[in-house]
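Trainee:
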Amino acid sequence: MDASTAQKPGFVSLDCGGSNNFTDEIGLEWSSDNYMLSGDIANISVANETRKQYQALRYFPADDNKYCYTLNVITTDPTIGICLSNATTGQPFISTLELRQFNGSIYFNQFESQFFLSMSARINFGADSDEPVRYPDDPFDRIWQSDSVRKANYLVDVAPGTEKISTQIPIDVGRDEWPPQKVMQTAVVGRNGSLTYRLNLDGFPSSGWAFSYFAEIEDLGPSDTRKFRLMLPGAPDLSKAVVNIQENALGKYRLYEPGYYNLSLPFVLSFRFAKTSDSTLGPLLNAMEINRYLKKSDGSADGSLLAAITTTYSSAKWANEGGDPCLPAPWSWVQCSSDPQPRITSIKLSGKNLSGTIPVELTKLGGLVELWLDNNSLSGPIPDFSGCPNMKIIHLEDNRLNGELPPSLADLSNLRELYVQDNLLTGKISSRLLNKDLVLNYTGNAGLRKEKGLNHKKIIIGTSIGAAILLIATITSFVLLPKRKKNPPHKGKIQHSLPPQKLGSSLGDTAAEAAHYFTLSEIEDATNNFARKIGSGGFGIVYYGRLQDGKEIAVKILTNDSFQGKREFSNEVSLLSRIHHRNLVQFLGYCQEDGKSILVYEFMHNGTLKEHLYGPLTHGRGINWIKRLEIAEDAAKGIEYLHTGCVPTIIHRDLKTSNILLDKNMRAKVSDFGLSKLAVDGASHVSSIVRGTVGYLDPEYYISQQLTDKSDVYSFGVILLELISGQEAISNESFGINCRNIVQWAKMHIESGDLQGIIDPALHDYDIQSMWKIAEKALMCVQPHGSMRPWISEVIKEIQDAIAIERGAEAVREGSSDEISRRSAHSSLNLGSVDMATSDHYLSIDDSITRPTAR
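Residues 1 to 855 (the UniProt record's numbering) are what the sequence shown spells out, left to right.
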């Protein structure tokens, strides 16, 4: 390896499971892991993986601790900490740890004091293989992914006429931090006038740093020109700037790098380079980088105060846990608040061989509630803890502390327990401290006494006899405590045994007024004695009816012998009597008479979504893609109302295509609240019986029995997959061998880039970008853990974006560049500015930043 390709200073490549240093096949120098003392080593075998650094790993216990690497760096801070902790299940592990030092110029921006840059896309266009370009071709070991790779989270939707080109002529890239020559020597050109791509951006929507890299590597004729614009749907202002590579770069084979230091981008980025009307050649693109602004965490508010303690006891294992005291998990001897910037609330250093005086830094922890320093060898006086106004418990027993008991302890208004026994304390105990409502134990301090003649009713432990009396008094008070009365039944809760008349006493006054009561004879007249059956479900049969005023109704009769059904009837009446939304089936009233429990709804003329997707209604009149999107939007808005418009939140628990009904205008409404659950104060709910329908049931809810609104989001993700594919959620035949579930089947196709493999053959007119939007959002909805799923409001936004793409598809396909820019202003894709005061994730964008910048 010559000097030009020698590894630069500042490279750190740790083989965390290895025991020997080595140089790999591309020239990177790997070191064995001498930084981490914890954890165990395991040898592993990974299919098609031959690199030595991935043949072993280091793993850690699945406990509440974190395991940190602390590495020396040349930045604003002298060290950097990388910590692993157990997130939910499984054991933390690490194979490699790599750091690369830059000179700081190419990625410098005015926001770096507050934000990191997190790489979302680094693309080498026109690459001659699937292999990425990295070290030694890129001396900083950036990884430039090939545009030949086709994955669900990478480039798709390549425009017809896209052609790869390359050159061996050197490219003037200016400085070594710019894209390497190998990347700039390849490109794509749009022979038909367009380059179009769709790209998933990890971590977005957010504000980001985005730059394109151009170098003219084709020989242009005397009359040839290459001028083009970047077209972003919904951002016409960003689409005005014209690129002329030779003119902008001041010649051929030279780098030109326009971009934006601050740009708000969506998760699914659809972009297009289109030639201008006066250009003879189509657009050219060599490379692109997009980074997300990731707000720096200031860590815990008190972290720096503990540095003196951990430095003093650096030889102890507990003082070397590394990283922030609170984040991402607290040190084993620390507890923290749940604030965005957590405060230390508890320090437990009992029996840690501490010596010297009590560290003064502990007296400055404003959030400290508990301090345990007992059973050590601490000496000197007890300091003033006035800087810890929240302190409740102090344990200083079994040390060598001397001097007086500070009177300032009486000023701690929250102090409830003070243990100072078995020290060398002397002097009188302050009467103010003795009169506080607290447990005070000062035994074993021969020189410490209280004033004579003072009688105290507080719990003061001065002798062993006093402690025995305290124990007896505690036991006595426990025995003599009177029994509490049981809480009365909650007003408004429906009892399982309902009266044969109106439910006023069970539902509460408001519900009783809102829910109309039908007599059984009215129901029988309206349904012609239940002559026309229109549906059935797990808890009964649904009949068609018409009231005397001509209003059409659907009458649901619960199964008489179903105790569970009676409970669901009670639940549904209670819920539906107080919620109203245009995307929820209207509840008209109820009847409970002659052993029958009956619910009355508005009649929905076009049946269920299930019937239109793969039922008898599909023959000859299947619904097109944009109508499916509109149905999805309607249904999602109904769910959003349940989740955010009701107090407390209502979780449906049984979302499926048969519970989405269509009215005479084909507008969708969500129905069947028999399984709904109130969410009190946004908390998760533990149910002894998991409810729902196979195929739509949230696996996390099934396993943990913890119900949240994200369980509904999972079910809705399944519905989105059904809308795309026209397939049922569960099938023994449709999904191939060993696959009965639409989620598993669709995920396999989508993640491999084969969206066409799941699209309903009955769909013909659609824009593939809108289809990709919904497919990817559906996969996010069916993530295994609820925390990884979007909120239903985010799903609505994506559906609306897909609808906007469909409605503008004709203009995108047939209009000119300028016309597209004009029409794209009507897209719902938000690329505007966001006020920093209302968001931790976005930066405000002013006019100067929004204009493209060439560095």
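Heads up, the beta-carbon is just placed ideally off N, CA and C, and yes, glycines get one too.
Which of helix, strand or coil does DSSP assign to cysteine 68?
Mentor: Looking at cysteine 68 - three-state DSSP - the assignment turns out to be strand.
Trainee: Near leucine 448, which residues of its chain fall below 7 Å by C-beta distance, leaving aside the five closest residues on each side in sequence?
Mentor: Counting only Cβ-Cβ distances below 7 Å, and skipping sequence neighbours, we find Leu405, Leu425, Thr426, Gly427, Ile429 and Tyr442.
Trainee: Do arginine 198 and residue 866 come within 8 Å of each other at the CB atom, strictly closer than that value?
Mentor: The structure shown does not extend to residue 866, since the chain spans only 1 to 855, so no value can be given for it.
Trainee: Check whether the region 700-708 touches the region 766-781, taking contact to mean three or more Cβ pairs, one atom from each stretch, closer than 8 Å.
Mentor: The answer is no - the region 766-781 does not touch the region 700-708, with fewer than three Cβ pairs under 8 Å.
Trainee: Count the C-beta pairs between the region 172-186 and the region 268-285 that are closer than 8 Å, then say yes if the count reaches three, no if not.
Mentor: The answer is no - the region 268-285 does not touch the region 172-186, with fewer than three Cβ pairs under 8 Å.
Trainee: Quick one: what's glycine 380 bridged to in DSSP?
Mentor: Beta-bridge pairing links glycine 380 to Leu401.
Trainee: From the DSSP output, in three-state form, read off arginine 582 for me.
Mentor: Looking at arginine 582 - three-state DSSP - the assignment turns out to be coil, as it is neither helix nor strand.
Trainee: Which residue's Cα is closest to the Cα of leucine 84: Ala56, Gln53 and Ser38?
Mentor: Of the candidates Ala56, Gln53 and Ser38, the one whose C-alpha sits nearest the C-alpha of leucine 84 is Ser38.
Trainee: Is it right to say histidine 605 is buried, meaning 16 or more other beta carbons lie within 10 angstroms of its own, or is it exposed?
Mentor: With fewer than 16 Cβ atoms within 10 Å of its Cβ, histidine 605 is classed as exposed.
Trainee: Which of helix, strand or coil does DSSP assign to threonine 293?
Mentor: Here residue 293 turns out to be tyrosine, not threonine, going by the sequence shown. Three-state DSSP puts tyrosine 293 in a strand.
Trainee: How many angstroms separate the CA atom of residue 887 from the CA atom of threonine 50?
Mentor: Here the chain comprises residues numbered 1 to 855, so residue 887 is not present and cannot be evaluated.
Trainee: Run through the region 180-216 for me and flag every whole alpha helix (DSSP H) of 4 or more residues, listed as ranges in chain order.
Mentor: Counting only runs of 4 or more, we get 181-184.
Trainee: What distance in whole Å lies between the Cβ atoms of lysine 392 and glutamate 417, which are believed to be in contact at a cut-off of 8 Å?
Mentor: The Cβ separation is near 7 Å, so the contact holds.
Trainee: Using only the alpha-carbon positions, how far apart do proline 407 and threonine 79 sit?
Mentor: If you take the alpha carbons of proline 407 and threonine 79, they lie about 42 Å apart.
Trainee: Taking 7 Å as the limit between beta carbons, can you name the residues of its chain near alanine 56, skipping five residues before and five after?
Mentor: These residues qualify, in order along the chain: Gly17, Gly18, Ile41, Ala42, Asn43 and Ile44.
Trainee: According to the neighbour-count rule (16 or more other Cβ atoms, all chains shown, within 10 Å of its Cβ), is glutamine 168 buried or exposed?
Mentor: Exposed.
Trainee: Using the rule of at least 16 other Cβ atoms within 10 Å of the residue's Cβ for burial, across every protein chain shown, is threonine 280 buried or exposed?
Mentor: Exposed, by the Cβ-count rule.
Trainee: Could you tell me the boundaries of the beta strand (DSSP E) in which glycine 161 lies?
Mentor: Segment: none, glycine 161 is in no beta strand (DSSP E) and carries neither H nor E.
Trainee: If we count the other Cβ atoms within 10 Å of its Cβ and call it buried at 16 or more, is leucine 409 buried or exposed?
Mentor: Under this definition leucine 409 is a buried residue.
Trainee: Within the continuous alpha helix (DSSP H) that includes isoleucine 80, where are the two ends?
Mentor: From DSSP, isoleucine 80 is part of no alpha helix (DSSP H) but of the beta strand (DSSP E) over 79-85.
Trainee: Can you name the residues that DSSP bridges to cysteine 591?
Mentor: Partner(s): Ile598.
Trainee: Sort Gly126, Asp801, Lys240 and Ser658 by Cα distance to phenylalanine 228 and report the nearest one.
Mentor: When each option's Cα is compared against that of phenylalanine 228, the closest is Lys240.
Trainee: Give a yes or no on whether the C-beta atoms belonging to tryptophan 331 and leucine 349 are separated by under 8 Å.
Mentor: Contact flag unset, no.
Trainee: Give the secondary structure of tyrosine 253 by DSSP, where H, G and I count as helix, E and B as strand, and everything else as coil.
Mentor: Of the three classes helix, strand and coil, the one that applies to tyrosine 253 here is coil, per DSSP.
Trainee: Looking at the structure shown, is valine 555 part of a helix, part of a strand, or coil, going by DSSP?
Mentor: Looking at valine 555 - three-state DSSP - the assignment turns out to be strand.
Trainee: Quick one: which unbroken alpha helix (DSSP H) runs of 4-plus residues sit fully inside the region 682-749? Chain order, please.
Mentor: Correct list: 699-704 and 709-725.
Trainee: Would DSSP call lysine 227 helix, strand or coil?
Mentor: The answer is coil: DSSP assigns lysine 227 none of H, G, I, E or B.
Trainee: Only counting runs of 4 or more residues, tell me where the alpha helix (DSSP H) segments fall wholly within the region 311-340, in order along the chain.
Mentor: The qualifying runs do not exist here; there are none.
Trainee: Using the three-state DSSP reduction, which class does proline 266 fall into: helix, strand or coil?
Mentor: In this structure, proline 266 counts as coil in the three-state DSSP scheme.
Trainee: Going straight from the alpha carbon of threonine 510 to that of serine 787, what length do you get?
Mentor: Confidence at threonine 510 is low in this model, with a pLDDT of 42, below 50, so the placement of that residue should be treated as unreliable; the coordinate-derived value is given next. For threonine 510 and serine 787, the distance between alpha carbons rounds to 35 Å.
Trainee: Can asparagine 390 and leucine 371 be called in contact, C-beta distance under 8 Å?
Mentor: It is not a contact, given that the beta carbons lie outside the stated cut-off.
Trainee: So if DSSP puts arginine 58 in a beta bridge, which residue, or which two residues, is it bridged to?
Mentor: Partner(s): Ile41 and Ile94.
Trainee: When burial is assigned at 16 or more other CB atoms within 10 Å of the CB, is threonine 527 buried or exposed?
Mentor: It counts as buried.
Trainee: Please report the straight-line C-alpha distance between cysteine 326 and isoleucine 534, rounded to a whole angstrom.
Mentor: When rounded, the distance between both Cα atoms is 59 Å.
Trainee: How would you call isoleucine 465, buried or exposed, if buried means at least 16 neighbouring beta carbons within 10 angstroms?
Mentor: Because isoleucine 465 sits at a pLDDT of 36, beneath the cut-off of 50, its placement in the model cannot be relied upon, and the following sentence gives the value as read from the coordinates. Exposed is the call here.
Trainee: If you measure from the CB of phenylalanine 111, is any heavy atom of the ligand PLP nearer than 7 Å?
Mentor: As for the ligand PLP, it is missing from this structure, which has no ligand bound.
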